[in-house]
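Down below is the structure, laid out as structure tokens.
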Amino acid sequence: MTRNTLTLALATTALVATGAYAQDATLTIESWRNDDLKLWQEQIIPAFEAKHPGIKVNFTPSAPAEYNAVLNSKLDAGSAGDLITCRPFDASLALYDAGHLADLSDLDAMSNFSDVAKSAWQTDDSSATFCVPMASVIHGFIYNKDAFAELGVDVPTTEDEFFAVLDAFKEDGSYIPMAMGTNDQWEAATMGYNNIGPNYWKGEEGRLALIAGEQKLTDEAWVAPYATLARWGAYLGDGYEAQTYPDSQNIFTLGRAAIYPAGSWEVSGFNSLADFEMGAFKPPVKNAGDTCYISDHTDIGIGMNAATDNPEAAKTFLAWVASPEFAEIFANALPGFFPLSSTPVEIADPLAAEIVGWRAECESTIRSTYQILSRGTPNLENETWGASVAAIKGTATPEELGARLQEGLANWYAPQQ
Amino acid sequence: MTKARIRWHILVFLAPAVIIYTAVMIFPLFNTLRLALYAKIDQERVFVGLENFRTLFFDPIWSEQFWNALGNNFWFFLIHMLVQNPIGIALAALLSHPRLRFAALYRSAIFIPTILSFVIVGFAWKLILSPIWGIAPSMLDAVGLKSLYAPWLGKEEYALTTLALVSVWQFVGIPMMLIYAALLTIPEEILEAGEVDGITGMAAFWKIKLPLILPSIGIISILTFVGNFNAFDLIYAAQGALAGPDFSTDILGTFMYRTFFGFQLQLGDPHMGSAIAGAMFAIILVGVCIYLFGIQTRMRRYQL
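Chains X and U, in that order, are what the protein sequence lines are. Those letters in the first sequence? Residues -6 to 410, by the working numbering. Those letters in the second sequence? Residues 110 to 413, by the working numbering.
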């Protein structure tokens, strides 16, 4: 029996091999998104193969936690797939520097993406882009529409309105005004500081100035978000200090809280759990009419193995990934992960569509600590987690936090010294 | 005169154990210590001597974290010594009481947490103490002490003590069992002889039993010391690798893990991680040596 199976397997391989020969190329994709296996096999790959009959595509994901290690050893051994799903920033940059990822700067389809979208997969001087941006996640606030209707409050657009709404919920007492905890620390930084922060440091302008050393973390624009976070503490649930991320998700989807500081990746999960209507609003600005900035954080890209045998086929695939067709399939299969191409995409999910609509109204940026600034010791991203928690709890003043972060950054980052 | 024969069978019989132990314990240990003497500079591994240790102890950024972790570790150990071991001894004394009913039941119930996984203990206690779903707040409420409740795991000032007590809850069975075994070895005649001299009840415990179980208490102390300074799992399961809030529960194990394997955007640094592991090894070695040469050799043994 075993032998028969083996023979069969060999015969099949031989058939596939001859088939592939006749059909130009078979491409293998390395990825950590094993959650998306079905989506790739049932929607994305058939759509591509229908258009490009000469190319066969295999999606071969590995477990997220093992992906970096597995990929590195495969690349070193020369057995990695033709296409490689890219983590943002330093992990992929290291692969490019080691010569594993091909330079894709001359790919025509790259012009479909903004500079912000490409920044996660570029060399520090932006001279080479080595992955096609696939998806991003956007920060903002998700709210309970029923709760808002019950109290008759409007969706806030400015900071004063935002705190007025929170006060209204606090006074009413039937809802926890805002569902967030500080136990896991990262929400405070990711859904807190980097959610509201871009409005203060003016998105890319401030982020790039910080990287260039023209602004400091002790500047008003970088300290003020901590002062705002310090006001959040009063509106979080009892014992928020020990509230974890899943706790917050549950509190909100059970309808016990009014507002949830969110990342768009929550959309599909919340849709299946919450039985009330949800809406979203973007981070409130200081004064009505101010330009708004949103954190539209680049998360997934796809690049080409420099050692691939089928560079032309791989480039054809990458060009297709950069096309609106791919964007539409991807965006609707995974609401909350938004394609990065500049052409707007129709998204059927109302909540996801509302969030992605902010791109047209606001300037996009990415999380301030992700590019370059978290390479040294102490690690700025980790420090920001702690600082955001301290701000919310009120254990340190915003000025102290700014000074501490600046000292840490200046310790190893030359432009800030 | 015949030459002494080489007794090959000794080598043959020792070989499997020696080879396996060397491969999985001795070699990794020394290799880790060796790794601590290198650093990665421009993609190359370079020998830097004791530079990593200098960074660890004297660079303010590293040393602040190191001393914080070491201090927390001592507090963790102190709680175990002050709470776990006395409770363990008391429980053993109660259990060894001849007229206690259901002794076997109590013994098993108290020992069971010890065999649970850290992950289970960490998550179970996190849920018990949770301000939202936990039973701790409602239980305190039921007896009118709600005001005593605080989100302990989320407060800098309580988190480490809370976790230490959770760990005590989990491991109190070990000293209890060891002391219980020691108490059982005390011959009845000695206690009866004491009774004849008028030493009964509590006095018998303090004057006869305790001196006789002192060697076991010594062993328990050193086991606690080694276990606590190698601890990592419970903190990691309950608070994550950043050992929050604000590093207040960071112990050497979590500090080493974070440094060695990296965390979030922080890339792993095996060389600094090994330096921390080396420091942990040295601390434990010193502690064990103090015990072995300073205490155990002076301990009086009684012929039973």
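The beta carbon of each residue, even a glycine, is placed where N, CA and C say it ideally should be. Remember, predicted model here, so these are calculated numbers, not experimental data.
Taking a cut-off of 8 Å for Cβ pairs, the region 97 to 114 of chain X and the region 338 to 349 of chain X do not touch, as fewer than three such pairs fall below it.
Scanning chain U for C-beta atoms nearer than 8 Å to the C-beta of Y363 of chain X yields L374, reported in chain order. Secondary structure at M297 of chain X: strand, using DSSP grouped into helix, strand and coil. Against chain U, the beta carbon of P371 of chain X has neighbours under 8 Å at I170, listed in chain order.
Per the C-alpha coordinates, the member of X:D17, X:M297, X:Q115, X:D117 positioned closest to K49 of chain X is X:D17. DSSP places K49 of chain X in the strand class (E or B) of the three-state scheme.
Taking a C-beta cut-off of 8 Å against chain X, the contacting residues of the region 228 to 257 of chain U are K235, L238, S239, P240, I241, W242, P246, listed in chain order. Look at P126 of chain X here: in three-state DSSP terms it is strand. For L76 of chain X, the enclosing beta strand (DSSP E) has its first and last residue at 76 to 79.
Around the beta-carbon of F323 of chain X, 16 or more other beta-carbon atoms lie within 10 Å, marking it buried. Contact check between the region 76 to 92 of chain X and the region 114 to 133 of chain X: three or more CB pairs, one atom from each, fall below 8 Å, which counts as touching. For G272 of chain X, the enclosing beta strand (DSSP E) stretches over residues 271 to 274. Just so you know, the alpha carbons of L332 of chain U and I22 of chain X end up roughly 50 Å apart. Around the beta carbon of M173 of chain X, 16 or more other beta carbons sit within 10 angstroms, so the residue counts as buried. Counted as a single uninterrupted DSSP element, the beta strand (DSSP E) harbouring L20 of chain X occupies residues 18 to 24.
DSSP places A199 of chain U in the uninterrupted alpha helix (DSSP H) bounded by 194 to 204. In the assembly as shown, S167 of chain X is an exposed residue. Its beta-carbon has fewer than 16 other beta-carbons within 10 Å. Annotation: the region 140 to 214 of chain X contains the following complete segments of the beta strand (DSSP E) (minimum length 3 residues), in chain order: 169 to 171. Measuring C-alpha to C-alpha distances from K264 of chain U to each of X:L64, X:G92, X:K195, X:E234 identifies X:E234 as the nearest. If you look at E376 of chain X, you'll find it in the alpha helix (DSSP H) that goes 373 to 386.
In chain order, Q373, L374, Q375 make up the part of chain U whose C-beta sits under 8 Å from the C-beta of E374 of chain X. Neighbours of I244 of chain X across chain U, judged by C-beta separation under 8 Å: I241. When the beta-carbon positions are compared, S361 of chain X and A181 of chain X stay at least 7 Å from each other.
Out of U:A347, U:N339, U:I188, U:A213, the CA that lies nearest to the CA of L274 of chain U is found in U:I188. Excluding its 5 nearest sequence neighbours in each direction, G196 of chain X has C-beta neighbours in its own chain below 6 Å: Y286, E356, T358, listed in chain order. The residues I344, T358, D359, T363, in chain order, have a CB closer than 6 Å to that of A352 of chain U in the same chain once the five nearest residues on each side in sequence are set aside. DSSP lists no beta-bridge partner residue for N280 of chain X.
The beta carbon of A235 of chain X falls within 7 Å of a beta carbon belonging to chain U, placing the residue at that interface. Here P191 of chain X has Y286, S288, T358 as same chain residues with Cβ atoms under 6 Å from its own Cβ, once five neighbours each way along the sequence are excluded. Within the region 257 to 278 of chain U, Y258, A259, P260, W261, L262, G263, K264, E265, A268 place their CB atoms closer than 9 Å to a CB of chain X, listed in sequence order. When beta bridges are read from the DSSP output, P254 of chain X appears opposite X:F134.
The three-state secondary structure of Y147 of chain U, taken from DSSP, is strand.
Taking C-alpha positions only, A259 of chain U is separated from L20 of chain X by approximately 56 Å.
Of X:E400, X:L311, X:I385, the smallest CA-CA separation from N176 of chain X is found for X:I385. The C-beta distance from A347 of chain U to W278 of chain U rounds to 13 Å, too long to meet the 8 Å contact threshold. Within the region 329 to 363 of chain U, the residues whose Cβ lies closer than 9 Å to any Cβ of chain X are, in chain order, Q348, G349, L351, G353, P354, D355, F356.
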